[in-house]
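Residue numbering for the sequence shown follows the numbering used here, beginning at 71 and increasing consecutively.
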Amino acid sequence: MSAIEPLLAIMARLRDPDGGCPWDLEQDFATIAPYTIEEAYEVADAIDRGDLDDLKDELGDLLLQVVFHARIAEEAGAFAFTDVVAAICDKMVRRHPHVFAAQGRANAAGGSLPGAAGGARADDSGDVLRNWDAIKRAERAAKGEADASALAGISRGLPEWLRAVKLQHKAAKVGFDWPGPAPVIAKLHEEIEEVRVEFDAVAADPADAAAQDRLEEELGDVLFVCANLARHAKVDVGAALRRANAKFEARFRAMEALAAADGGLAGKPLDEQDRYWAQAKAVEKEAKR
Numbered sequence: 071m072s073a074i075e076p077l078l079a080i081m082a083r084l085r086d087p088d089g090g091c092p093w094d095l096e097q098d099f100a101t102i103a104p105y106t107i108e109e110a111y112e113v114a115d116a117i118d119r120g121d122l123d124d125l126k127d128e129l130g131d132l133l134l135q136v137v138f139h140a141r142i143a144e145e146a147g148a149f150a151f152t153d154v155v156a157a158i159c160d161k162m163v164r165r166h167p168h169v170f171a172a173q174g175r176a177n178a179a180g181g182s183l184p185g186a187a188g189g190a191r192a193d194d195s196g197d198v199l200r201n202w203d204a205i206k207r208a209e210r211a212a213k214g215e216a217d218a219s220a221l222a223g224i225s226r227g228l229p230e231w232l233r234a235v236k237l238q239h240k241a242a243k244v245g246f247d248w249p250g251p252a253p254v255i256a257k258l259h260e261e262i263e264e265v266r267v268e269f270d271a272v273a274a275d276p277a278d279a280a281a282q283d284r285l286e287e288e289l290g291d292v293l294f295v296c297a298n299l300a301r302h303a304k305v306d307v308g309a310a311l312r313r314a315n316a317k318f319e320a321r322f323r324a325m326e327a328l329a330a331a332d333g334g335l336a337g338k339p340l341d342e343q344d345r346y347w348a349q350a351k352a353v354e355k356e357a358k359r
């Protein structure tokens, strides 16, 4: 624990009612949660960019979030950071019985880890995932959770695009899945047509709340099918969307630079802005050659 102790001490000082930081003292689990999610995305962004120096900093920021939550819990008398560490160590050993054999205790990272129940084999990553799922089901049953659905255990706190993929993946494990990408693409075309119909309905009567509700539902169906298509392509939805965002941002900034000499983009008609977009796209394409 020696390496983490300075950070724990810093957080304790920030949360000290006697001279601590007013902002840190105002926070609770709910107010900190959005920052925790943001820091996780910034870790992913550093990985996408291959920036290891930035990754080191972002992992530190994410670790700070864990320490922050643990400190709030400790103040409430619920648990402390050491309990968080003990819980994840126990979980990792318990869910890797193919690594941590039943006999005695295994030593890892300078500390003693309780041995896991033996008997499980894992000849490849597929076996590991099947064992992991079986152990998670047993853990939920031990907690008295009665949900026996194949979809049990998917957190409702996940970003919705990630939850969509996990729902689809779980359903696929029991055979409820498209046989390949072709029918998914066909379904996407079907859903897009249904969106068009609802757009027309909203345009015909903008005050029609039912039509607006149907439009939201149909747009959700399109996004759900897109997530399914990405899953069939073995493409990470979040990574693909981050890539699309980065591409759009780079091209838009290039448009702004090209238009600067002409007074900027604002106020120009769309067809003129489209010409700047085409120029920016051409420059980008040429740079990749």
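Note that the Cβ used here is the ideal one computed from N, Cα and C, for glycine as well.
Source: prediction; values computed, not measured.
Unbroken alpha helix (DSSP H) run spanning residue i, endpoints
{"i": "Lys338", "result": "Careful: Lys338 lies outside any alpha helix (DSSP H) and carries neither H nor E."}
{"i": "Val292", "result": "279-302"}
{"i": "Leu133", "result": "122-145"}
{"i": "Phe269", "result": "251-274"}
{"i": "His239", "result": "230-243"}
{"i": "Pro104", "result": "99-119"}
Counted within 10 angstroms of its Cβ, other Cβ atoms place residue i as buried (16 or more) or exposed
{"i": "Phe318", "result": "exposed"}
{"i": "Leu285", "result": "buried"}
{"i": "Glu108", "result": "exposed"}
{"i": "Phe294", "result": "buried"}
{"i": "Asn315", "result": "exposed"}
{"i": "His259", "result": "exposed"}
{"i": "Pro167", "result": "buried"}
{"i": "Val254", "result": "buried"}
{"i": "Arg191", "result": "exposed"}
{"i": "Val307", "result": "buried"}
{"i": "Glu75", "result": "exposed"}
{"i": "Arg119", "result": "exposed"}
{"i": "Ala204", "result": "exposed"}
{"i": "Ala280", "result": "exposed"}
{"i": "Glu263", "result": "exposed"}
Chain-order list of residues whose beta-carbon lies under 8 Å from that of residue i (same chain, five-residue window excluded)
{"i": "Glu145", "result": "Arg85"}
{"i": "Ile224", "result": "Arg233, Lys236, Leu237, Lys240"}
Chain-order list of residues whose beta-carbon lies under 6 Å from that of residue i (same chain, five-residue window excluded)
{"i": "Ala157", "result": "none"}
{"i": "Arg141", "result": "Met81, Arg85"}
Beta-carbon contacts of residue i that lie in its chain and below 7 Å, excluding the five residues immediately before and after
{"i": "Asp278", "result": "Ala271, Val272"}
{"i": "Ala300", "result": "Val307, Ala310"}
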